[in-house]
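Numbers given in my numbering equal positions in the sequence shown, counted from 1, plus 29.
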Amino acid sequence: MNTLLSDLLITARATPRPIDENQIVSAWEFANLAHTSQLRKSGEPFINHPTQVAITLAKWNLDTTTIIAGLLHDTIEDGGATRDDIVKNFGEEVAQIVDGVTNITQIRLTGSREEQFVENLRKMLLVMAKDLRVVIVKMADRIHNLETLAYLTGEKQQENARETLDIYAPLAERLGMGHIKSQMEDLAFPYVYPEEYKSLKQSLQPFLVIGEKYVKNLNKLLTQIVIPDLPSAKIFIRQKHIYSLFKKLQRPEIDGDLSKVHDLFAARVLVDTNAQCYQVLGLIHSQFHPVPYLGVSDFIATPKPNGYQSLHTKVFGPEGRIVELQIRTFAMNTQAEMGVAAHWQYSAVKDSGASDRILESGGVKANFKLDWVRQLMVWQEEIQDNSEYLKTLKFDALQHRLLVFSPKGDVYDLPSGATPVDFAYAVHTDLGPQITGAKVNGKLVSLEYRLNNGDVVEMLVNRKRKLPNSDWLNFVVTTTARRQIAKKIKT
Ligand code: MN
């Protein structure tokens, strides 16, 4: 057996849920056939790329469907397969994820003409909003492409690395995928800022040498303080990611001075319950004095907007040096590293595989889907506000289109000025005539209400009604609604 394929199976077997090994092997064979005699720029067989992507997905504890989509993600665009082949062999769900990945890969954001940027961003969001797994596969794909970026031309390197820092890393952050965000940033950093990267690496060296000894000592002390009371706690000390260090050094209060960075190494204590988090905080503060004014942040009581939860404290550690500590539960830690993907892992484990369908069809997971789709929206707004060149745009492409949601989190793309009636006809033409009222974001509104970007629209209907109201023609804006209403009224 191919060694990478057996690596994939070993990784997938270690995930906390049942997987379908036969399906994974047959998807690998399908992809291998589709990419016959193709090579990557590195000279490796092409199949190594989708296999590495699938291994990453398995490491992130994703389900068989997502792993298979990872294996097949380039078979249509770069290989010899057709969509029909995929549907026949692996089903519509896999085909849809592959479609989504192909679509967002074709949408180039960095380097696109300014007026196209917002429009492309919107298209990308629409694809991603339909199935979260599209984003996750895309990020696994991006990570492997960054790892093999050395083989591409300088121009391609720049384009990929920049797009990662501009779009994919902030998106991962917005979705709460802290671990994935840092991984992408650290891979892109040397390509976007080669000089800065080299000099930071150099000036960091002496700090790391001293740091190593210090970390050992700190680990020993923390173990002595925490473990007697909480034997199941786990202590980790890690070095700050290099790109986030680079960003921090640019802050005015730090002004490039590495000795002012207190979290070059940060300690993390993981425990089972919320109450134990506060217990650990107490134990640590009784041994190491907290630094005045820098203080304690309680993101357990008040989570960050992306859902991040943890206690943070800065204390005077051994030798009087300031040490930053993060205290959280194991579940909060998975959430902090994997964000929305973590939710996917948990729910799938609990419902033993049935959750994908529940998630897609609304049901109990609707709130979760709606949550992350809304986070996508907020992020889209942020990126538009922050981007200098977008500020200079005279028009805003998004003003002409709206993204609105059903209570289940399904996303609909409507022209600006659209009303709940337009929404109903966009959902299904049979729904239109049955409308009796509408709620937007939980509040009753009139049927001629103008929807806003990000609104959640719920229709109130009477199943017995068969005819639309002719007044509606006075305010609907979509052709579908107009045509359908006119047709029914005539007959
Ligand atoms: Mn790819």
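C-beta: ideal position from N, C-alpha, C; glycine also.
Return the chain-ordered list of same chain residues with a C-beta closer than 7 Å to the C-beta of residue i, the five sequence neighbours on each side being excluded.
i       : result
Val-123 : Thr-94, Ile-97, Ala-98, Leu-101, Ile-115
Asn-248 : Ile-264, Ile-266
Asp-327 : Leu-340
Asn-132 : Val-156
Can you name, in chain order, every residue of its own chain whose Cβ lies under 6 Å from the Cβ of residue i, other than the five neighbours on each side?
i       : result
Gly-108 : Ala-63, His-64
Leu-278 : Gly-285
Val-164 : Met-157
Thr-104 : Ala-60, Ala-63, Ala-110
Quick check on residue i: does DSSP put it in helix, strand or coil?
i       : result
Pro-79  : helix
Thr-342 : strand
Val-469 : strand
Ser-23  : For residue 23 there is no data in the structure shown, the boundaries of the chain being 30 and 520.
Leu-310 : helix
Phe-434 : strand
Leu-33  : helix
Ser-66  : coil
Pro-199 : helix
Ala-426 : Confidence at Ala-426 is low in this model, with a pLDDT of 39, below 50, so its placement is unreliable and the value that follows should be read with caution. Of the three classes helix, strand and coil, the one that applies to Ala-426 here is helix, per DSSP.
Ser-211 : helix
Asp-451 : helix
Val-238 : helix
Gln-125 : helix
Val-290 : coil
Lys-420 : Residue placement at Lys-420 cannot be trusted, given a pLDDT of 45 that sits under 50; the coordinates are not used to answer.
Val-474 : strand
Val-166 : helix
Val-440 : strand
Pro-347 : helix
Confirm the yes/no value for this check: CB of residue i, any heavy atom of ligand 1, distance under 6 Å.
i       : result
Asp-327 : no
Asp-170 : yes
Asp-36  : no
Asp-103 : yes
Counting only the same chain and skipping the five closest in sequence on each side, list residues whose C-beta sits under 8 Å from that of residue i.
i       : result
Leu-496 : Pro-462, Lys-517, Ile-518
Gln-355 : Ala-295, Ala-296, Arg-297, Val-298, Ser-339, Leu-340, His-341
Asp-258 : Gln-308, Leu-312
Gln-268 : Leu-237, Gly-240, Leu-293, Phe-294
His-173 : His-78, Gln-81, Val-82, Thr-85
Who are residue i's beta bridge partners in DSSP?
i       : result
Arg-297 : Phe-265, Gln-355
Val-485 : Phe-434
Pro-74  : Leu-68
Ser-273 : Per DSSP, none; premise fails for Ser-273.
Val-490 : Ile-464
Asp-327 : Leu-340
Report task. Would you check if there are 3 or more beta carbon pairs closer than 8 Å linking the region 31-38 to the region 76-89? Result -> yes
Query raised in the report: Do the region 444-459 and the region 495-514 touch if we need at least three Cβ pairs shorter than 8 Å?
Result: Under the 8 Å Cβ criterion, the region 444-459 counts as touching the region 495-514, having at least three qualifying pairs.
**Report entry** Given 8 Å, three or more beta-carbon pairs between the region 487-495 and the region 460-474
**Finding:** yes
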